[in-house]
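Protein chains in written order, with the working numbering: chain A, 39 to 340; chain B, 19 to 674.
Positions of the beta carbon are idealized from the N, C-alpha and C atoms, including for glycine.
The model shown is predicted, which means the values in this text are computed figures rather than measured ones.
In what follows, a structure is listed as structure tokens, so that the remarks can point back to it.
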Amino acid sequence: MTGMQAMDAMTQQTPTIQHHRAGTAEPAAGSAAARSAATRSAATGPADQVLLAVDRISLRFGGVNALTDVSFDIRRGEIRAIIGPNGAGKTSMLNCINGFYHPTDGTITFKGERRAHMRPYVAARGGIARTFQNVALFRGMTTLDNIMTGRALRMRCGLWRQLVRVGPALREEIEHRQVVEEIIDFLQIQHIRKVPVGRLPYGLQKRVELGRALAMEPDLLLLDEPMAGMNVEEKEDMCRFVVEANRHFRTTVALIEHDIGVVMDLSDRVVVLEYGRKIADGTPAEVKGDPAVIKAYLGVAH
Amino acid sequence: MLQDCRSFPAILLLNADRFAERPANRFKTRGIWHTWTWREVADEVRALAFGLRELGFRSGDRIAIVGRNRPRLYWAITAAQSLGGVAVPVYHDSVADEMAYVLGHAEVGFVMAEDQEQVDKILSLADRLPSLRHTLYDEPRGLRDYDHERLHHLDTVLTNGRAALERDPAGDGTWRAGIAAIRSEDLAVLLYTSGTTGRPKGVMLTYQNLISSAVNANRFDRLDETDEVVAYLPMAWIGDHIFSLAQSYCAGYCVCCPEAPDTIAQDRHEIAPTYFFAPPRIFEEMLTMMMVRIEDAMPIKRRMFHYFVAVARRCGAAADAGAAVPLTDRLLYGLGSILVYRPIKNRLGLSRIKVAYTAGEAIGPEMFGFFRSFGVNLKQLYGQTEACVYITMHPDDAVDVETVGIPAPGVDIRITEQGEIQFRSPGVFAGYYKEPERTDEIRTLDGWVKTGDAGYLDDRGHLRIIDRAKDVGRLTGGGLFAPKYIENKLKFFPEIKEAVAFGHDRDHGVAMINIDLAAVGNWAERNGVIYASYQELAAHPQVYDIVARHVAAVNRSLAADPRMAASQIRRFLILHKELDADDGELTRTQKVRRSFIAERYAPLVDALYTGPGVYEIATEVVFEDGRKGLVSGRVQVREAEIVAPPAGPASVARAA
Numbered sequence: 039m040t041g042m043q044a045m046d047a048m049t050q051q052t053p054t055i056q057h058h059r060a061g062t063a064e065p066a067a068g069s070a071a072a073r074s075a076a077t078r079s080a081a082t083g084p085a086d087q088v089l090l091a092v093d094r095i096s097l098r099f100g101g102v103n104a105l106t107d108v109s110f111d112i113r114r115g116e117i118r119a120i121i122g123p124n125g126a127g128k129t130s131m132l133n134c135i136n137g138f139y140h141p142t143d144g145t146i147t148f149k150g151e152r153r154a155h156m157r158p159y160v161a162a163r164g165g166i167a168r169t170f171q172n173v174a175l176f177r178g179m180t181t182l183d184n185i186m187t188g189r190a191l192r193m194r195c196g197l198w199r200q201l202v203r204v205g206p207a208l209r210e211e212i213e214h215r216q217v218v219e220e221i222i223d224f225l226q227i228q229h230i231r232k233v234p235v236g237r238l239p240y241g242l243q244k245r246v247e248l249g250r251a252l253a254m255e256p257d258l259l260l261l262d263e264p265m266a267g268m269n270v271e272e273k274e275d276m277c278r279f280v281v282e283a284n285r286h287f288r289t290t291v292a293l294i295e296h297d298i299g300v301v302m303d304l305s306d307r308v309v310v311l312e313y314g315r316k317i318a319d320g321t322p323a324e325v326k327g328d329p330a331v332i333k334a335y336l337g338v339a340h
Numbered sequence: 019m020l021q022d023c024r025s026f027p028a029i030l031l032l033n034a035d036r037f038a039e040r041p042a043n044r045f046k047t048r049g050i051w052h053t054w055t056w057r058e059v060a061d062e063v064r065a066l067a068f069g070l071r072e073l074g075f076r077s078g079d080r081i082a083i084v085g086r087n088r089p090r091l092y093w094a095i096t097a098a099q100s101l102g103g104v105a106v107p108v109y110h111d112s113v114a115d116e117m118a119y120v121l122g123h124a125e126v127g128f129v130m131a132e133d134q135e136q137v138d139k140i141l142s143l144a145d146r147l148p149s150l151r152h153t154l155y156d157e158p159r160g161l162r163d164y165d166h167e168r169l170h171h172l173d174t175v176l177t178n179g180r181a182a183l184e185r186d187p188a189g190d191g192t193w194r195a196g197i198a199a200i201r202s203e204d205l206a207v208l209l210y211t212s213g214t215t216g217r218p219k220g221v222m223l224t225y226q227n228l229i230s231s232a233v234n235a236n237r238f239d240r241l242d243e244t245d246e247v248v249a250y251l252p253m254a255w256i257g258d259h260i261f262s263l264a265q266s267y268c269a270g271y272c273v274c275c276p277e278a279p280d281t282i283a284q285d286r287h288e289i290a291p292t293y294f295f296a297p298p299r300i301f302e303e304m305l306t307m308m309m310v311r312i313e314d315a316m317p318i319k320r321r322m323f324h325y326f327v328a329v330a331r332r333c334g335a336a337a338d339a340g341a342a343v344p345l346t347d348r349l350l351y352g353l354g355s356i357l358v359y360r361p362i363k364n365r366l367g368l369s370r371i372k373v374a375y376t377a378g379e380a381i382g383p384e385m386f387g388f389f390r391s392f393g394v395n396l397k398q399l400y401g402q403t404e405a406c407v408y409i410t411m412h413p414d415d416a417v418d419v420e421t422v423g424i425p426a427p428g429v430d431i432r433i434t435e436q437g438e439i440q441f442r443s444p445g446v447f448a449g450y451y452k453e454p455e456r457t458d459e460i461r462t463l464d465g466w467v468k469t470g471d472a473g474y475l476d477d478r479g480h481l482r483i484i485d486r487a488k489d490v491g492r493l494t495g496g497g498l499f500a501p502k503y504i505e506n507k508l509k510f511f512p513e514i515k516e517a518v519a520f521g522h523d524r525d526h527g528v529a530m531i532n533i534d535l536a537a538v539g540n541w542a543e544r545n546g547v548i549y550a551s552y553q554e555l556a557a558h559p560q561v562y563d564i565v566a567r568h569v570a571a572v573n574r575s576l577a578a579d580p581r582m583a584a585s586q587i588r589r590f591l592i593l594h595k596e597l598d599a600d601d602g603e604l605t606r607t608q609k610v611r612r613s614f615i616a617e618r619y620a621p622l623v624d625a626l627y628t629g630p631g632v633y634e635i636a637t638e639v640v641f642e643d644g645r646k647g648l649v650s651g652r653v654q655v656r657e658a659e660i661v662a663p664p665a666g667p668a669s670v671a672r673a674a
């Protein structure tokens, strides 16, 4: 039944687009995204190099099998989507990848290194950044400061030097500020640079969160429903940012998303989960036509 | 000497000499204000000119400027002019069809676009523009994978220009000789007027037009190289061209470009311009934002604010009446400056204002008085594209909100028997491009230009404007009906964003009203009124009550003037959607297109004359990408309170 609802939600997305007064940039945005998706695989060099491999992962909470025997890989430079009906284990999968959960069985290989028990901070240092399904920002801090925290792992000066804030500490801060300003410019959030994020609307908070993840200059960016709860205009903006981040910062992206239109437009390959099992894996077109996927979403055999 | 300069490129070279290290442009990027001196600007413009020439730009070529205010877009204008070209600034928010007409009509060979959004628009039109050869862009984001055969990043053009300059040591001399050969009667820019009706017209302005107007205006307000402005109004609008380019070049003052459209208020606060122009709309926004924030402030601050606003109003009123301000009020005003006026002016970016102008629409006397009482030298001017802006302006010592001031230096004014204002000046345009017959319609053989506005000169020689000459109508009872006059009175209330009044050839006046979502939304929040959409809020009975009170107030003020008493608003309604330029209801400069609205909402106009009640209406809306949809709703028509005129018959011969 949940599958039914998810599908309903998707089909309802499309007509709303017709009635939406799109922002001035938007007519082009969709086609730009499509265009880039087509050209991307050719553009990126070592595309077939596997960045992260998940091998026969299982995750159990007591008697609940959140994930069962799931294997897939993420190649360097691609946008990899993870989709599935509600409760399929998508977020659990991301949590395993960045070390928040420890899989009961199976291994995760990141940049050629096998990790059994990875801690989130180790993952972060290793170059994995993520955003959350429910925005997790420092609400009292400004946009600028929030994104600046994304640089924390790259700051080399110690507490005392930071406090005195002359010489190397100042130089370092200026360098980081420069990177952060590039991101602010990239995400077009100059007008909220000094606004505490708690006061921002949801769509902008999501954008700030993406900014913070990008500030880490990650090798792998995990996005948990980056477009959830957004209106069509915000979604189109977000799509543009994800595509651009992927191409210009050469960031590998793994994202969970419910909007099938977005997934088809953005991703190079899609893995489909249902009840903790992988039921399909391939290009958007392949996955779309897969009978198992149709069954999972519609709940009936065709 | 400035008098010897016949073109803007020539003035630029002069400024590179006389103001060498003074700032010419500032632009905020990555959170930092970057500054270019006049010498640097001259250098960039030269490199850009050489780059354009490498791409085949020749004398007589046209370059369209499509984008928001950025230094490099302004430089492109001068660079093109230095090669004998003509710049055609275009409204950056116009939809593809409008833009296609303008670019085609002006036969542009080059386009200088701001970013991907504009480049996409231009590329989508490429088939319809046979004359278009090359497109340049300033902001590279998203454009990396585009076909760059006829598309060029400005950085590349500048690099190529510098390389060309290096290869050819005599190049600089040739370039300067070319600039010296530009004649003052040559065409400098083609500005397309947005037009309340019909196709846009290309106004041809020569160097002589622009330079003489700019020099006169600089002298009138004593502007010099120490001044600073923020360029934020559309580059295609004559006002911006005069304030941010012509006057800046002639006086040598610095033009600052905001970081992004949403940061203008913050950027203005940081720059604190000394010379400032804004249509009444912007002052309204400032006031509304300030009032909203004051309502949310601590009680003590709120009380302090209201107290000192009253003090300022008292002092202002006394000063305007020519009476002496009592000592206590002077002391209070001094205290108010420290506690209220200065901090607020600082926040609004008005703390260094030498001269601020408003024009385009009538400004509310309350609002006008408010800013003046805070010590902002706010004045009105009256202008037109065809005049290079300046027709009349307030002198510093005779500011009066009811008038638009005295004729600007070098301008002659006459009022025809029909009451139409006509003017003659050195700024009078060279004609409409490729449309001599339309030029002849508005310019007489001896050089007088018909403004199409009705008005009169008062006994002090100040010009008063009533309405568009063609809009001034008659009620069937014979009374005068000046719709804009009434609409402006309605719009002075913060809750009313737009109003459209009808009454010509009818027996009484009626009005359609658009509420202001910011002001009414804030009221709703404070009063616990829940609403889901604009439409729902607009139809709320309490909102109707508020508007009914305002309409009644307007009727009272109309009744006080025997000429206008007959045109009181008998019935009104609140529209279910906001009037929008994309639907053709407003012009690009946000003026209402009354006849279009009358046609589009014909059932509602009929309803207004039928009687009170609830009516169904469905309206087609056009989205920004060109798709269409329907917005439907119920609209209520209400009776308004009418005031009996104090004395005398309703129909009095029209003024002056």
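Inter-residue CB distance, residue i and residue j (contact presumed, cutoff 8 Å)
i, j, result
"V246(A)", "T181(A)", "5 Å"
"K363(B)", "V394(B)", "7 Å"
"A38(B)", "R57(B)", "5 Å"
"A249(B)", "S262(B)", "4 Å"
"L89(A)", "T290(A)", "5 Å"
Buried versus exposed call for residue i [16 or more other C-beta atoms within 10 Å across all chains shown]
i, result
"T82(A)", "Confidence at T82(A) is low in this model, with a pLDDT of 42, below 50, so the placement of that residue should be treated as unreliable; the coordinate-derived value is given next. Buried, by the Cβ-count rule."
"V325(A)", "buried"
"S77(B)", "exposed"
"Q87(A)", "exposed"
"V218(A)", "buried"
"G115(A)", "buried"
"G188(A)", "buried"
Interface flag, residue i vs chain B, CB-CB below 7 Å
i, result
"D223(A)", "yes"
"E219(A)", "yes"
"Q228(A)", "yes"
As assigned by DSSP and simplified to three states, the class of residue i
i, result
"D275(A)", "helix"
"A70(A)", "Low confidence applies here, because A70(A) scores a pLDDT of 42, under 50, leaving its location unreliable; read the following figure in that light. A70(A) falls in the helix class under three-state DSSP."
"H155(A)", "coil"
"H110(B)", "coil"
"M130(B)", "strand"
"K646(B)", "strand"
"G473(B)", "strand"
Minimum Cβ-Cβ distance from residue i to chain A less than 7 Å
i, result
"E596(B)", "no"
"A315(B)", "no"
"A278(B)", "yes"
"G69(B)", "no"
"R611(B)", "no"
"G281(B)", "Contrary to the premise, residue 281(B) reads as Thr rather than Gly in this sequence. Yes, T281(B) counts as interfacial toward chain A."
"D48(B)", "The amino acid occupying residue 48(B) in the given sequence is Arg; Asp does not appear at that position. So, interface residue."
Residues of its chain near residue i, where Cβ-Cβ distance is below 6 Å and the 5 sequence neighbours each way are ignored
i, result
"W676(B)", "Chain B is shown only over 19 to 674; residue 676(B) falls outside these bounds and no answer can be derived."
"F176(A)", "N184"
"G314(A)", "N103, A104, L105, T106 and G127"
Neighbourhood of residue i by C-beta distance below 7 Å, restricted to the same chain and skipping five residues each side
i, result
"H155(A)", "H140"
"P427(B)", "N234, R237 and F238"
"E210(A)", "M193, R194 and C195"
"T306(B)", "P512, A536 and A537"
"V160(A)", "G137"
Neighbourhood of residue i by C-beta, 8 Å cutoff - its chain only, sequence neighbours within 5 removed
i, result
"D347(B)", "V329, R332, C333 and A336"
"S575(B)", "K507"
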